[in-house]
Amino acid sequence: MKIRVVNTASKAKAVQIVRYQNNKRTILQHIGSAHTEAELDELILIAEEWIKDFSKQLSIFPDESPNKLIHLNHCTFIGVQYNFFYRQISVIQDKMGFSSLPLLLNDLVTMRIFEPASKLRSLDLMEQFFGIKHSRKSYYKIAPQCVDLKEKVEMKVVEFAKEHYSFNFDIVFYDVTTLYFETFEEDDLRKNGFSKDSKSQQPQILVALVVTKEGFPIAFEVFSGNTFEGHTIIPTIQDFIGRNKVKAFTVVADAAMISSENISQLNQNEISYIVGARMGNLSIKLLQTVDKQIVRADGKSIRIKTELGYLICSYSSVRYRKDLYEMNKQIEKAKQVIQVPSKSKN
């Protein structure tokens with residue numbers, strides 16, 4: 033039996049199953065007519081299946097080339113592996129000089145990017161998504177070593193930032209975040225504290241991060257969960273400067289990071305800084321100065337010298353309208369409370 037493809041009068045291609053015997057061709061089955069290459073491939077696949085079912089045996093020397101299509105009716109779904117993603121992250125890790133680090137550590141980082149989970153859960157997900165198997169015993173073996181690799185990793189990312197982002201330590205950005213744990217038991221590091229995830233009843237850690245102006249991370253520190261975030265910037269920045277032997281340096285942070293004490297220490301260490309200022313914390317006299325001097329046009333700014341450094345204020349009509357709306361809303365709410373005290377919430 034053979035599969036025969038013939039052109040029809042309607043410019044389609046008919047797929048038939050024929051048998052040649054005694055110089056005579058016999059059509060055993062007309063499979064169908066195709067008008068596209070995709071339809072033709074599908075009909076040929078059906079014809080191959082028909083021959084197998086009809087003959088009840090496989091040909092030792094098949095004349096026809098095996099069809100490259102896969103018939104879904106004869107397949108069983110066993111899962112998906114994201115090998116392309118894994119290979120791309122591995123290439124990036126190699127370029128950053130991480131190939132010398134334990135493979136399991138690199139794989140945990142890859143898994144963290146792909147689907148954040150606990151370390152032990154990540155081991156299961158690696159096998160599920162990437163087909164890579166690491167035992168729990170292997171993890172427990174390398175985990176203590178990974179702590180000692182922190183400085184080595186930070187040196188590599190700084191070198192990478194220098195080479196690929198022209199990083200020269202002139203300016204860095206600093207911020208902190210919290211990571212909470214699915215437990216209610218504290219230890220020396222995991223402590224209850226102010227939670228950015230509204231999980232104040234669960235222990236957490238505080239992670240401080242230093243990044244370049246492109247947002248590329250170059251250093252981090254971990255603090256106990258009950259640490260005030262304003263107490264993290266000085267030790268983190270001093271350690272970073274000392275380790276990299278930096279001379280000229282400017283750090284950018286939000287207002288929560290900087291107190292009068294922090295500013296004093298930054299000045300003593302000759303570290304330049306740019307921080308977000310909270311207008312509500314400014315003196316009435318300083319606010320009046322800003323109100324008088326600022327030009328009310330988008331993009332206009334003023335620079336005022338204060339005891340804590342230079343205060344730079346810029347004007348935004350969008351921000352003005354937003355703040356005015358919020359202020360009026362609060363005023364109306366206050367008036368309602370005064371007029372009808374019984375409706376106010378305790």
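Just so we're on the same page, our numbering is the position in the sequence shown counted from 1, plus 32. Here a beta-carbon is modelled for each residue, glycine too, at the ideal position from N, C-alpha and C.
Beta carbon of residue i nearer than 9 Å to that of residue j
i    : j    : result
I316 : S333 : no
T268 : A240 : yes
T282 : I303 : yes
A251 : I265 : no
V141 : I121 : yes
I295 : L340 : yes
K231 : T209 : no
I76  : V38  : no
F146 : F117 : yes
N301 : Q270 : yes
A149 : F201 : no
D330 : S349 : yes
Beta-carbon separation (whole angstroms), residue i vs residue j, contact threshold 8 Å
i    : j    : result
I237 : G257 : 5 Å
Y347 : R335 : With 8 Å as the limit, Y347 and R335 do not qualify as a contact, their Cβ atoms being about 13 Å apart.
E218 : P235 : 5 Å
F216 : Q233 : 7 Å
H166 : L155 : 5 Å
Same chain, Cβ closer than 7 Å to residue i, neighbours up to 5 away in sequence not counted
i    : result
E293 : none
F130 : N138 and K188
I49  : M33, I35, L60, Q61, I63, A79, W82 and I83
M289 : Y206, E261, G262, I265 and V307
Q297 : I266
V372 : none
Residue i to residue j span [Cα, whole Å]
i    : j    : result
F205 : V179 : 24 Å
Y197 : E246 : 8 Å
A79  : I110 : 27 Å
D67  : V185 : The amino acid occupying residue 67 in the given sequence is His; Asp does not appear at that position. Distance between the alpha carbons of H67 and V185 is about 59 Å.
Y352 : M359 : 10 Å
Y52  : H106 : 30 Å
T259 : P249 : 22 Å
K361 : N313 : 21 Å
M158 : M143 : 7 Å
F161 : L152 : 15 Å
F272 : A366 : 48 Å
S291 : L318 : 18 Å
K56  : T40  : 21 Å
T338 : F226 : 31 Å
V242 : I203 : 10 Å
Q368 : S374 : 10 Å
Y357 : I370 : 20 Å
S65  : L136 : 55 Å
Q125 : P134 : 12 Å
E364 : Y114 : 55 Å
M311 : K354 : 15 Å
S87  : V112 : 35 Å
P176 : F255 : 18 Å
S132 : E183 : 14 Å
A287 : G274 : 24 Å
V123 : L211 : 28 Å
L104 : R119 : 28 Å
N54  : T108 : 43 Å
is_contact[residue i, chain E] using C-beta, thresh 9 Å
i    : result
Y342 : No chain E is present in this structure, which holds just one protein chain.
Closer than 8 Å: residue i CB and nearest the ligand MG heavy atom
i    : result
N360 : Judged by which ligands are present, the structure shown has none, so any question about the ligand MG falls away.
Cβ shell of residue i (< 8 Å), same chain only, five flanking positions each side left out
i    : result
M128 : K188, V189 and F192
F199 : V190, A193, T244, F248 and I250
N276 : V190 and F201
V278 : F201 and F272
D85  : none
Contacts around residue i, its chain only, beta-carbon distance under 6 Å, and the 5 residues preceding and following it disregarded
i    : result
Y342 : R335
T58  : R51
D299 : Looking at the sequence provided, one finds Asn at residue 299 rather than Asp. Here the set comprises nothing.
E195 : none
Q. Three or more C-beta pairs closer than 8 Å, one from the stretch 164-179 and one from the stretch 218-228: is that the case here?
A. Result no; under three Cβ-Cβ pairs closer than 8 Å.
Q) Can at least three beta-carbon pairs, one atom from the stretch 39-47 and one from the stretch 68-76, be found at a separation below 8 Å? A) Cβ pair count under 8 Å is three or more, so yes.
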